[in-house]
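Each remark here refers to the structure printed beneath this line.
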Amino acid sequence: MKITLVMAMTVDGKIARHHTHYPDWTGKADKRMFKQLTRNAGVIIMGSRTYATIGKPLPERLNWVMTRRPQHFSAAQNLVFSDDPPEAIVGRLAERGYSQAALTGGATINTLFARAGLIHEMVLTVTPRLFGQGLSLFAEPLEMDLELLDRRELDPGTLVLHYRCRF
Numbered sequence: 000m001k002i003t004l005v006m007a008m009t010v011d012g013k014i015a016r017h018h019t020h021y022p023d024w025t026g027k028a029d030k031r032m033f034k035q036l037t038r039n040a041g042v043i044i045m046g047s048r049t050y051a052t053i054g055k056p057l058p059e060r061l062n063w064v065m066t067r068r069p070q071h072f073s074a075a076q077n078l079v080f081s082d083d084p085p086e087a088i089v090g091r092l093a094e095r096g097y098s099q100a101a102l103t104g105g106a107t108i109n110t111l112f113a114r115a116g117l118i119h120e121m122v123l124t125v126t127p128r129l130f131g132q133g134l135s136l137f138a139e140p141l142e143m144d145l146e147l148l149d150r151r152e153l154d155p156g157t158l159v160l161h162y163r164c165r166f
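All residue numbers for the sequence shown refer to numbering that gives the first Met the number 0, where the first residue is 0 and numbers rise by one.
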């Protein structure tokens with residue numbers, strides 16, 4: 000199964016100011032691209048704080064929410080809450096017939112998948128903003144070699160960088 004990390008970040012590498020920061024700081028073109036990428040993947044994997052920030056399941060794709068307390072949530076048709084580790088999630092999704100998924104944070108979930116060697120590609124939107132402090136792409140230091148597959152300007156000053164991950 001192919002896992003693609005899809006995230007927006009500031010020039011100083013921040014994905015949010017804090018854990019409850021709503022992602023309203025990205026442009027319309029980034030939101031359209033996010034919608035397209037995650038719908039095409041068929042599955043969006045996120046942590047419970049990211050889900051709480053969004054506030055509802057995103058339509059037309061399976062929403063898989065990682066949480067330590069799945070019993071505190073109510074599942075729905077396109078919504079799963081799970082405390083499974085990344086390897087088990089990938090296995091369960093493959094059993095359901097999925098061949099790809101979009102990983103959409105937050106930093107802790109990104110780190111769990113990276114440490115397991117399960118992120119195959121990254122699509123990063125770099126916006127012309129600075130937060131100065133906040134949440135980074137990963138919650139812990141880690142090293143990963145990347146191969147640039149594509150780069151393009153999404154909006155004036157906003158770049159999309161597409162990488163292949165090499166563990």
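Idealized CB from N, CA, C, for every residue including glycine.
Just so you know, these numbers come straight off a predicted model, no measurement behind them.
- The continuous beta strand (DSSP E) containing residue 2 extends over residues 1-9.
- When secondary structure is reduced to three states using DSSP, residue 71 falls in the helix class.
- The bridge partners DSSP lists for residue 100 are 2.
- By the Cβ neighbour-count rule, residue 39 is exposed, with fewer than 16 other Cβ atoms within 10 Å of its own.
- Between residue 122 and residue 61, the C-beta gap is not smaller than 8 angstroms, which leaves the two residues out of contact.
- A Cβ-Cβ contact shorter than 8 angstroms links residue 14 with residue 134.
- Annotation for residue 75: 56 place their beta carbon closer than 8 angstroms to its own, counting only its chain and skipping 5 residues before and after.
- For residue 33 and residue 9, the gap between their C-alpha atoms comes out near 16 angstroms.
- A distance below 6 angstroms between beta-carbons, with the five flanking residues on each side excluded, links residue 149 to the following residues of its chain, in chain order: 161.
- For a cut-off of 8 angstroms, the C-beta gap from residue 63 to residue 42 is around 6 angstroms, short enough to register as a contact.
- Taking the CA atoms as reference points, residue 165 sits about 11 angstroms from residue 113.
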